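Structure, as structure tokens:
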């Protein structure tokens, strides 16, 4: 049976969404011992591990230790769910085409941090989230699925973030399921889903 490992740094709400969708999450790994998501995973009987980035002077050494922890689970899919570390090119290549990320913007718009504040400052009328395959370039890579939400006149960063997060919890489990079911095909950097499933969602 196929399985997946989820990497978190905090509360792990997207990890929880994956678990509650019935996906085969075999392990949860965090770079922070105080990540709240670890307690949730343990409570659900899921194996957890901590690989603290503070224990390694070089990013490559941390990534090597992280890879060792991941490989102990022999996952088919590695899912980043609020994992707040920039990964080296070598790590990304090790898990090429089986490493997914969820990002709180409609990529390629607003890569990096503070996406909701930047979206409001730019005056965009649609905002949202993206599930994509990870490549060495930060918050880039073939897009699997996106969800768009309206930006309303009186939105602030907190309200907009909550609206987007609700959609993250919808599309990440769907993307992971497509992957584990062997439905995702990457063709010249473009992802399609066998079976003609919609790869976009609009939430009023």
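Numbering (the working numbering), first residue to last: 169 to 372. Glycine included, each C-beta is placed from N, C-alpha and C at the ideal position. Computed from a prediction, not measured in an experiment: that's the story for all the values here.
(request) Grab the span of the beta strand (DSSP E) containing residue 356 for me, first residue to last. (result) First-last for residue 356: undefined, no H or E at that position.
(request) Mind listing, in chain order, the continuous alpha helix (DSSP H) runs of no fewer than 4 residues lying wholly within the segment 196-254? (result) 204-211 and 227-239
(request) Report, in whole angstroms, the separation of the C-beta atoms of residue 197 and residue 219, which I expect to be a contact under 8 Å. (result) 6 Å
(request) Measure the alpha-carbon distance for residue 189 versus residue 296 and round it to whole angstroms. (result) Spanning the alpha carbons of residue 189 and residue 296 requires a straight line of approximately 21 Å.
(request) Starting from the N-terminal side, write out each stretch of the beta strand (DSSP E) that is 3 residues or longer and does not extend beyond the segment 252-296. (result) 267-271
(request) Output yes or no for whether 9 Å exceeds the beta carbon distance between residue 300 and residue 283. (result) no
(request) Could you tell me which uninterrupted alpha helix (DSSP H) segments, each at least 4 residues in length, are contained entirely in the segment 291-350, listed from first to last along the chain? (result) 325-348
(message) Does the structure place the segment 352-367 close enough to the segment 194-209 that three or more beta carbon pairs sit under 8 Å?
(response) no
(message) What would DSSP say about residue 183, mapped onto helix, strand or coil?
(response) helix
(message) With three or more beta-carbon pairs closer than 8 Å as the criterion, would you say the segment 321-336 touches the segment 257-268?
(response) Touching, no, given that fewer than three Cβ pairs across the two stretches are closer than 8 Å.
(request) Compute the beta-carbon to beta-carbon distance between residue 348 and residue 244, rounded to the nearest angstrom, for a pair I have assumed lies under 8 Å. (result) 6 Å
(message) Once the 5 residues before and after residue 230 are set aside, which same chain residues still bring their CB inside 6 Å of it?
(response) Same-chain partners within the cutoff: 221 and 224.
(request) Just tell me which of 341, 176, 175 and 204 has its CA closest to the CA of residue 315. (result) 341
(message) Let's see if you can read the secondary structure: which residues bound the beta strand (DSSP E) around residue 369?
(response) 368-370
(message) Let's test the definition: count the other Cβ atoms within 10 Å of the Cβ of residue 324 and tell me whether it reaches 16, buried, or not, exposed.
(response) exposed
(message) Taking the straight line between their C-alpha atoms, what separation do you get for residue 171 and residue 237?
(response) 15 Å
(request) Determine the contact status of residue 169 and residue 247, defining contact as a CB-CB distance below 9 Å. (result) no
(request) Report, in whole angstroms, the separation of the C-beta atoms of residue 311 and residue 250, which I expect to be a contact under 8 Å. (result) Rounded, the Cβ-Cβ distance is 19 Å, inconsistent with contact.
(message) By the DSSP assignment, the beta strand (DSSP E) with residue 175 in it spans what residues?
(response) In this chain, the beta strand (DSSP E) harbouring residue 175 covers 172-176.
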